[in-house]
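Chains as they are written, first to last, in the UniProt record's numbering: chain A, 1 to 197; chain B, 1 to 197. A virtual CB, placed ideally from N, CA and C, is assigned to each residue, including glycine. Following: one structure in structure tokens, then a few remarks.
Below is the structure:
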């Protein structure tokens, strides 16, 4: 009632959406991921830095290279998902800032000449974008299965040998399969999560 | 076309949504923020840990305590916004895990007995939730003005004296005012952001 977003969209993105643990065989196309990207790319990052990079793991060879770095409990579903995406931060994101901030190209050197500043700001903003991406997967009518349980150093070495990208999250993507969802767990109440001062 | 989300919702949340730099005088009610929270609380976090906390800065006294820690360029808009929220991570989020994971209360001690593990996982997951929250503000028909430009240690000491909460992002919230939006800046192309392996 107090939301502008209609009920159908609320359900699609949040109220009825669940993390999927199994997937159907229906493939996920590049066009679907492109549509997700073209939607969520507009969501905000600091200075429009847009540091998130997405690696779509499609080939059987790449999938086996990924699965071996997943924690044991995440291996079967990552082996079986129609598509898996590695979400990462590009720690050299500042090299693109002059294109992303054409009116303020000096921001690159003003704020991001130090690797530590890039790591802090880039990781934070790429993580915001990971949140947008999960919403975007659902906007495509697909289920997401985000996983933090993997060997980050192993994945980084395996897929980003040169060290400028760091993995943040691995996301299985597809239509939900049989028994895809676990029961909804409780959430914190508004009064537990929100304080007014 | 390849999205399940209808065009109106796409525009509301992403395509036509912009970061606002000025706001109208129309107040933002607790009911609106409650509706945002009740929507986005369902979006996923690892182990349902739900570490994000939201501090609504409503009183003139609290606002002045916040504004002094904002970077100079962010002070006028933070002074003028109808409502400002401090988004933070609760580094003691694991104390709530037995409620949030009633079927697996042992997760609390298995994964989160160490402060460093809580800081890494909590910060990452609260940042995902910050992304969901920005989408949720837009779902309420409101404009968000997220800002990283503030003295984090200053805000933490000022608002979270005991050290268990760490600020992540400050978000102005309201209806857009005059000249609220800057021109849309370029985004990375799909081929620049997405790689297939």
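Considering only residues of the same chain and omitting the five flanking positions on each side of residue i, which have a CB-CB separation below 6 Å?
i, result
"residue 27 of chain B", "82"
"residue 167 of chain A", "86, 88, 152, 155 and 156"
"residue 45 of chain A", "125"
"residue 112 of chain B", "94 and 118"
"residue 204 of chain A", "Summary: the structure shown does not reach residue 204 of chain A, with chain A confined to residues 1 through 197, and so no result is reported for it."
"residue 75 of chain A", "67"
"residue 63 of chain A", "57"
"residue 65 of chain A", "158"
Taking residue i as the reference, give the member of the options with the closest Cα.
i, options, result
"residue 77 of chain B", "B:39, B:96, B:170 and B:162", "B:170"
"residue 103 of chain A", "A:48, A:62 and A:39", "A:48"
"residue 190 of chain A", "B:25, B:39, B:15 and B:3", "B:39"
"residue 67 of chain A", "A:30, A:194 and A:147", "A:147"
"residue 144 of chain A", "A:195, A:125, A:12 and A:196", "A:12"
"residue 7 of chain B", "A:60, A:181 and A:139", "A:139"
"residue 108 of chain A", "A:115, A:116, A:97 and A:114", "A:97"
"residue 24 of chain A", "A:51, A:63, A:120 and A:79", "A:79"
If you drop the 5 nearest sequence neighbours on each side, which residues of the same chain put their C-beta closer than 7 Å to that of residue i?
i, result
"residue 56 of chain B", "33, 83 and 85"
"residue 10 of chain B", "3"
"residue 71 of chain A", "149 and 150"
"residue 127 of chain A", "168"
"residue 179 of chain A", "22"
"residue 110 of chain A", "none"
Quick one: list the residues of chain B neighbouring residue i, beta-carbon separation under 7 Å, in chain order.
i, result
"residue 37 of chain A", "190, 193 and 194"
"residue 6 of chain A", "9"
"residue 40 of chain A", "14"
"residue 140 of chain A", "2, 3 and 4"
"residue 101 of chain A", "185"
Interface residues of chain A around residue i at Cβ under 8 Å?
i, result
"residue 154 of chain B", "What residue 154 of chain B touches in chain A: nothing, since even the nearest Cβ is about 15 Å away."
"residue 19 of chain B", "44"
"residue 197 of chain B", "55, 56, 57, 58, 59, 62 and 159"
Under 8 Å by Cβ, that's how I've got residue i and residue j pegged, so tell me the actual separation to the nearest angstrom.
i, j, result
"residue 160 of chain B", "residue 42 of chain A", "That pair is no contact at about 32 Å."
"residue 4 of chain B", "residue 54 of chain A", "Rounded, the Cβ-Cβ distance is 20 Å, inconsistent with contact."
"residue 36 of chain A", "residue 58 of chain B", "Between residue 58 of chain B and residue 36 of chain A the Cβ distance is about 36 Å, and since that is not below 8 Å, they are no contact."
"residue 51 of chain B", "residue 122 of chain B", "4 Å"
In chain B, what lies closer than 8 Å to residue i by C-beta?
i, result
"residue 33 of chain A", "194"
"residue 163 of chain A", "Within chain B, no residue comes near residue 163 of chain A; the closest Cβ sits about 16 Å away, beyond 8 Å."
Against residue i, what residues of chain A qualify as contacts under a CB-to-CB distance less than 9 Å, listed in chain order?
i, result
"residue 116 of chain B", "The premise fails here: residue 116 of chain B is roughly 14 Å from chain A at the closest Cβ pair, so nothing lies under 9 Å."
"residue 171 of chain B", "What residue 171 of chain B touches in chain A: nothing, since even the nearest Cβ is about 10 Å away."
"residue 87 of chain B", "Neighbours of residue 87 of chain B on chain A: none; closest Cβ ~10 Å, over 9 Å."
"residue 95 of chain B", "In chain order: nothing, as chain A lies at least about 11 Å away."
What does residue i touch in chain B if you count any residue whose Cβ is under 9 Å from its own?
i, result
"residue 78 of chain A", "Those within 9 Å of residue 78 of chain A in chain B number zero; the least Cβ separation is about 14 Å."
Go through its chain and collect everything with a Cβ distance to residue i's Cβ below 8 Å, but skip five positions before and after it.
i, result
"residue 165 of chain B", "53, 88, 89, 90, 91, 156 and 159"
"residue 115 of chain A", "91"
Run down chain A in chain order and give the residues with a C-beta less than 7 Å from the C-beta of residue i.
i, result
"residue 146 of chain B", "44"
"residue 73 of chain B", "Per Cβ cutoff of 7 Å: no residues; residue 73 of chain B is ~12 Å from chain A at best."
- Query: Touch check for the stretch 12 to 30 of chain B and the stretch 168 to 184 of chain B: three-plus C-beta pairs under 8 Å?
  - Reply: The answer is yes - the stretch 168 to 184 of chain B touches the stretch 12 to 30 of chain B, with three or more Cβ pairs under 8 Å.
- Query: For the stretch 126 to 143 of chain B against the stretch 122 to 140 of chain A, are there 3 or more C-beta pairs whose distance is under 8 Å?
  - Reply: yes
- Query: Should the stretch 86 to 106 of chain A be called in touch with the stretch 178 to 190 of chain A, which here means at least 3 C-beta pairs below 8 Å?
  - Reply: no
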